[in-house]
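S.K.: Numbering (numbering that gives the first Met the number 0), first residue to last: 0 to 530. I have a structure here, written as structure tokens, and I will follow up with some questions on it.
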Amino acid sequence: MGALAFVFARKSTAKGLSRIMSLPDANPVPPTSRAPAGARPAPACTLVIFGAHGDLTKRLLMPALYNLAGSGLLDPGFRIIGIDRVASTTAQWRDGLTEMMQSFTHDPNAEFHAPSIDSAQWGWVCERLEYVQADFGDIAQVRALGAKIPGNAIFYLAVSSRFFAPVVEMLGQAGLVTQEDGRFRRVVVEKPFGADLASARELNRRILAVLDESQVYRIDHFLGKETVQNILAMRFGNLLFEPLWRNEFIDHVQITAAETIGVEQRGAFYEPTGALRDMIPNHLFQLFGMVAMEPPNSFSADTVRTSKEQLFEAVRPIPPTDAVRGQYGAGTVGGAAVTAYRESPGVAPDSHTETYVALKLHVDNWRWAGVPFYLRTGKSLGGRRTEVVVQFKKPPMMMFRDTETQDLPPNRIILNIQPAQGLTVEMGAKKPGPKMDLAEVQVRFRYEDVFAQTPNVGYETLLYDCLTGDATLFQRADNIEAAWRAVDPVLQAWADNADGLELYPAGATGPKGADDLLARDGRAWYPLDGV
Ligand code: BG6
Numbered sequence: 000m001g002a003l004a005f006v007f008a009r010k011s012t013a014k015g016l017s018r019i020m021s022l023p024d025a026n027p028v029p030p031t032s033r034a035p036a037g038a039r040p041a042p043a044c045t046l047v048i049f050g051a052h053g054d055l056t057k058r059l060l061m062p063a064l065y066n067l068a069g070s071g072l073l074d075p076g077f078r079i080i081g082i083d084r085v086a087s088t089t090a091q092w093r094d095g096l097t098e099m100m101q102s103f104t105h106d107p108n109a110e111f112h113a114p115s116i117d118s119a120q121w122g123w124v125c126e127r128l129e130y131v132q133a134d135f136g137d138i139a140q141v142r143a144l145g146a147k148i149p150g151n152a153i154f155y156l157a158v159s160s161r162f163f164a165p166v167v168e169m170l171g172q173a174g175l176v177t178q179e180d181g182r183f184r185r186v187v188v189e190k191p192f193g194a195d196l197a198s199a200r201e202l203n204r205r206i207l208a209v210l211d212e213s214q215v216y217r218i219d220h221f222l223g224k225e226t227v228q229n230i231l232a233m234r235f236g237n238l239l240f241e242p243l244w245r246n247e248f249i250d251h252v253q254i255t256a257a258e259t260i261g262v263e264q265r266g267a268f269y270e271p272t273g274a275l276r277d278m279i280p281n282h283l284f285q286l287f288g289m290v291a292m293e294p295p296n297s298f299s300a301d302t303v304r305t306s307k308e309q310l311f312e313a314v315r316p317i318p319p320t321d322a323v324r325g326q327y328g329a330g331t332v333g334g335a336a337v338t339a340y341r342e343s344p345g346v347a348p349d350s351h352t353e354t355y356v357a358l359k360l361h362v363d364n365w366r367w368a369g370v371p372f373y374l375r376t377g378k379s380l381g382g383r384r385t386e387v388v389v390q391f392k393k394p395p396m397m398m399f400r401d402t403e404t405q406d407l408p409p410n411r412i413i414l415n416i417q418p419a420q421g422l423t424v425e426m427g428a429k430k431p432g433p434k435m436d437l438a439e440v441q442v443r444f445r446y447e448d449v450f451a452q453t454p455n456v457g458y459e460t461l462l463y464d465c466l467t468g469d470a471t472l473f474q475r476a477d478n479i480e481a482a483w484r485a486v487d488p489v490l491q492a493w494a495d496n497a498d499g500l501e502l503y504p505a506g507a508t509g510p511k512g513a514d515d516l517l518a519r520d521g522r523a524w525y526p527l528d529g530v
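In structure tokens:
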């Protein structure tokens with residue numbers, strides 16, 4: 000994993016940013032070297048972005064490159080070529096992106112938060128941007144790109160998933176992904192990677208007919224989150240947790256990604272996708288992998304991914320009876336009225352696409368046999384929360400109890416991914432006074448209390464790792480297929496069958512069936528408010 004990821008030290012505060020008022024200077028000052036201790040600038044490379052006018056490029060890739068430039072982690076020979084069908088020039092593309100970067104400073108919904116943009120830092124990125132108007136279905140145009148990229152190159156497919164295989168094939172035909180004379184050629188593939196096991200396999204087959212696995216970087220942005228990487232640091236950088244991390248002591252694990260936002264303007268994408276495909280075999284499985292895999296022998300990409308693979312292979316395919324789906328109706332979220340999913344643009348009025356899913360996973364291995372993993376994710380819920388709750392069994396003998404409840408809640412370790420970032424331990428402590436009476440208390444670690452906050456949209460580490468050839472935080476072909484294999488029986492049972500789709504009002508915690516899924520095992524979800 001990149002040196003960025005495992006520097007066990009306080010990070011230095013980002014340099015103060017000053018407001019950019021105009022297009023960058025012709026010869027902006029390159030950012031001084033502010034690379035985190037132990038991190039070296041990435042080698043010179045051309046980043047070719049297919050989908051230069053898309054949302055991902057504007058909202059995430061550009062801010063991430065700006066932040067990387069600010070950390071001094073990009074080589075002076077770094078360049079960016081943006082490709083799209085939209086008629087535009089390099090100057091227009093640069094202007095548009097500059098405006099966009101400025102607009103983020105006063106957009107509360109933007110992933111990139113900074114009070115202002117540093118003109119030298121953005122200028123350093125901006126002067127390296129070149130726009131090429133091209134149809135990436137046209138082999139002559141793709142071939143012409145070759146002359147612009149003499150050395151190392153990364154091709155970033157920030158395009159609709161239906162173009163993934165055709166673009167890779169086109170790059171292959173044009174000879175652009177051949178690694179020779181010491182140059183590397185890599186391809187970053189975004190999600191969704193397939194829509195079920197069969198299509199994911201087919202996509203892997205077509206990509207791997209052109210590229211070697213080591214050239215393919217299948218991205219899952221959850222793995223770029225500091226708090227997700229911290230799960231590994233916590234588990235394997237301390238002795239405290241790992242001895243307890245097994246079925247002898249753990250009762251069950253809950254993995255939640257609850258969102259307050261609805262489908263917004265993404266109806267056309269979301270209708271054929273739904274919550275299960277959108278979140279489970281990718282984001283939630285990555286969290287599950289970090290929490291449950293065996294300790295890898297090292298942090299080399301293949302060792303970590305093999306460890307994950309062994310875990311995923313041990314997941315029992317999920318029977319449809321262990322899966323619940325829901326769809327939000329009209330309601331209120333955070334005091335604001337929300338219209339029903341079925342009334343969103345691009346959504347069928349009788350849609351049975353799920354906007355909520357809850358599942359129970361069983362892992363057939365020595366460590367986790369008998370410990371259920373409950374996964375849930377949904378849109379337009381009452382609380383925004385991504386977290387993992389590890390609930391312990393009760394002590395073998397209860398010597399103490401809370402005199403009011405005559406019981407004591409179990410210990411829990413909560414890995415707070417977002418918006419709270421850190422770790423919470425719930426445990427019993429003696430209430431002051433003459434009686435031996437216990438109360439539940441929380442011990443909290445919060446990133447913001449300990450570390451200086453550096454601007455981050457979550458793609459910085461992933462881009463840097465790709466530039467330095469570290470695929471640890473990217474998904475291997477077998478990881479992706481194993482995750483689809485686990486959810487495939489549910490997808491098949493739900494296809495064209497609306498039975499069991501429950502409506503829940505926007506602002507609720509989900510459908511009742513999700514509570515029943517745990518209640519029938521004598522358990523309950525960790526509340527969506529609190530912590
Ligand atoms: C995306 C999904 O991959 O992840 C979205 O397509 C979802 O539907 C998003 O909202 C959640 O990511 P984050 O980083 O906002 O938790």
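Glycine is no exception: its CB is placed at the ideal position from the N, C-alpha and C atoms.
Answer with buried or exposed for isoleucine 138, where buried requires no fewer than 16 other C-beta atoms within 10 angstroms of its C-beta.
M.R.: Position 139 of the sequence shown, counted from the first residue, corresponds to residue 138. By the neighbour-count rule (16 or more Cβ atoms within 10 Å), isoleucine 138 is not buried but exposed.
S.K.: Going by C-alpha distance, which of Val215, Val387, Gly193 and Ser160 is nearest threonine 255?
M.R.: By 1-based counting over the sequence shown, the position of residue 255 is 256. The residue with the shortest Cα to Cα distance from threonine 255 is Val387.
S.K.: Any heavy atom of the ligand BG6 within a distance shorter than 8 Å of the CB on histidine 282?
M.R.: For the purposes of this step, residue 282 is taken as residue 283 along the sequence shown, with counting starting at 1. Indeed, a heavy atom of the ligand BG6 lies less than 8 Å from the Cβ.
S.K.: Count the C-beta pairs between the segment 258–269 and the segment 204–211 that are closer than 8 Å, then say yes if the count reaches three, no if not.
M.R.: no
S.K.: Excluding five sequence neighbours on each side, which residues of the same chain lie with their C-beta closer than 6 Å to the C-beta of glutamine 532?
M.R.: For residue 532 there is no data in the structure shown, the boundaries of the chain being 0 and 530.
S.K.: Could you tell me the boundaries of the alpha helix (DSSP H) in which threonine 305 lies?
M.R.: On the sequence shown, residue 305 is found 306 positions in, with the first residue counted as 1. Residues 300–312.
S.K.: Measuring from the CB of glycine 506, is there a heavy atom of the ligand BG6 at a distance below 8 Å?
M.R.: On the sequence shown, residue 506 is found 507 positions in, with the first residue counted as 1. Not under cutoff, so the answer is no.
S.K.: Please classify alanine 513 as buried or exposed, where buried requires at least 16 neighbouring CB atoms within 10 angstroms.
M.R.: Within the sequence shown, the letter at position 514 stands for residue 513. Buried: at least 16 other Cβ atoms inside 10 Å.
S.K.: Using the rule of at least 16 other Cβ atoms within 10 Å of the residue's Cβ for burial, across every protein chain shown, is arginine 184 buried or exposed?
M.R.: As a first step, residue 184 must be located in the sequence shown, where it is residue number 185. By the neighbour-count definition (other C-beta atoms within 10 Å, threshold 16), arginine 184 is a buried residue.
S.K.: Hey, is the segment 345–357 in contact with the segment 324–335, meaning 3+ C-beta pairs nearer than 8 Å?
M.R.: yes
S.K.: So is methionine 398 buried or exposed if we call it buried at 16+ other beta carbons inside 10 Å?
M.R.: As a first step, residue 398 must be located in the sequence shown, where it is residue number 399. The residue in question, methionine 398, is exposed, as its Cβ has fewer than 16 Cβ neighbours within 10 Å.
S.K.: Name the two residues that bound the continuous beta strand (DSSP E) containing glutamate 129.
M.R.: As a first step, residue 129 is located in the sequence shown; it is residue number 130 there, counting from the start. Taken as a continuous stretch (DSSP letters only), the beta strand (DSSP E) holding glutamate 129 covers 128–132.
S.K.: Give the secondary structure of asparagine 496 by DSSP, where H, G and I count as helix, E and B as strand, and everything else as coil.
M.R.: In the sequence shown, residue 496 corresponds to position 497, counting from 1. DSSP places asparagine 496 in coil when its eight states are reduced to three.
S.K.: Measuring CA to CA, which of Phe444, Gly174 and Gln405 is closest to leucine 414?
M.R.: Here residue 414 corresponds to residue number 415 of the sequence shown, with the count starting at 1. For leucine 414, the nearest C-alpha among the options comes from Phe444.
S.K.: Could you work out which residue in Pro431, Pro395 and Val449 is closest to glutamine 420 when comparing CA atoms only?
M.R.: Within the sequence shown, the letter at position 421 stands for residue 420. The candidate whose alpha carbon is nearest that of glutamine 420 is Val449.
S.K.: Please go through the same chain and pick out, in chain order, the residues whose beta-carbon is closer than 7 Å to the beta-carbon of tryptophan 92, but skip the five residues on each side of it.
M.R.: As a working note, residue 92 is residue 93 in the sequence shown. So the qualifying residues of the chain are Ala51, Gly81, Leu128 and Tyr130.
S.K.: Taking only heavy atoms of the ligand BG6 into account, decide whether any of them is closer than 8 Å to the Cβ of lysine 190.
M.R.: If you number the sequence shown from 1, residue 190 lands on position 191. Short note on lysine 190: C-beta closer than 8 Å to some heavy atom of the ligand BG6.
S.K.: Which stretch, first to last residue, makes up the beta strand (DSSP E) that contains glutamate 403?
M.R.: Counted from its first residue, the sequence shown places residue 403 at position 404. Element bounds for glutamate 403: n/a, residue is neither H nor E.
S.K.: Check whether the segment 55–74 touches the segment 461–479, taking contact to mean three or more Cβ pairs, one atom from each stretch, closer than 8 Å.
M.R.: yes
S.K.: Since alanine 335 is in the beta strand (DSSP E), which residue starts that stretch and which ends it?
M.R.: For the purposes of this step, residue 335 is identified with residue 336 of the sequence shown, where counting begins at 1. Start and end: 335–337.
S.K.: Taking the beta carbon of asparagine 478 as the centre, do at least 16 other beta carbons fall within 10 Å, making it buried, or is it exposed?
M.R.: Numbered from 1 along the sequence shown, position 479 holds the residue referred to as residue 478. By the 10 Å Cβ count, asparagine 478 comes out buried.
S.K.: Using only alpha-carbon positions, find the residue among Lys434, Asp528 and Val362 that is nearest to histidine 251.
M.R.: Locating residue 251 in the sequence shown gives position 252, where the first residue counts as 1. The shortest C-alpha separation from histidine 251 is found at Val362.
S.K.: Specify the secondary structure class of glycine 345 as computed by DSSP and reduced to three states.
M.R.: Sequence index remark: in the sequence shown, residue 345 carries index 346 (1-based). Three-state DSSP puts glycine 345 in coil, outside helix and strand.
S.K.: Taking the CB atoms as reference points, tell me whether tyrosine 446 and glutamate 225 lie closer together than 9 Å.
M.R.: Counted from its first residue, the sequence shown places residue 446 at position 447. Counted from its first residue, the sequence shown places residue 225 at position 226. Yes, they are a contact pair.
S.K.: For phenylalanine 391, write down the residues that DSSP places opposite it in a beta bridge.
M.R.: Position 392 of the sequence shown, counting from 1, holds the residue named residue 391. For phenylalanine 391, which the question treats as bridged, DSSP gives the partners Ile249.
S.K.: Kindly indicate which residue of Asp180, Lys430 and Asn281 has the alpha-carbon position closest to the one of proline 149.
M.R.: Walking along the sequence shown from the start, residue 149 turns up at place 150. Out of Asp180, Lys430 and Asn281, Asp180 has the C-alpha closest to the C-alpha of proline 149.
S.K.: Quick check: does the Cβ of lysine 511 come within less than 8 Å of any heavy atom belonging to the ligand BG6?
M.R.: Residue 511 sits at position 512 when you count from the first residue of the sequence shown. No, the ligand BG6 has no heavy atom inside 8 Å of this Cβ.
S.K.: With a Cβ-Cβ cutoff of 9 Å, do isoleucine 317 and valine 486 count as a contact?
M.R.: The residue labelled residue 317 in the question sits at position 318 within the sequence shown. The residue labelled residue 486 in the question sits at position 487 within the sequence shown. Between isoleucine 317 and valine 486, the CB-CB gap stays under 9 Å.
S.K.: What separation, rounded to the nearest whole angstrom, lies between the Cα atoms of glycine 382 and alanine 90?
M.R.: Locating residue 382 in the sequence shown gives position 383, where the first residue counts as 1. Locating residue 90 in the sequence shown gives position 91, where the first residue counts as 1. Taking the straight line joining both Cα atoms gives about 43 Å.
S.K.: Roughly how many angstroms lie between the CA atoms of proline 27 and aspartate 94, to the nearest whole one?
M.R.: On the sequence shown, residue 27 is found 28 positions in, with the first residue counted as 1. On the sequence shown, residue 94 is found 95 positions in, with the first residue counted as 1. With a pLDDT of only 43 at proline 27, under 50, the local geometry of the prediction cannot be trusted, and no value is derived from it.
S.K.: With burial defined as no fewer than 16 other Cβ atoms inside 10 Å of the residue's Cβ, what is the status of histidine 220: buried or exposed?
M.R.: Taking the first residue of the sequence shown as position 1, residue 220 is located at position 221. Buried.
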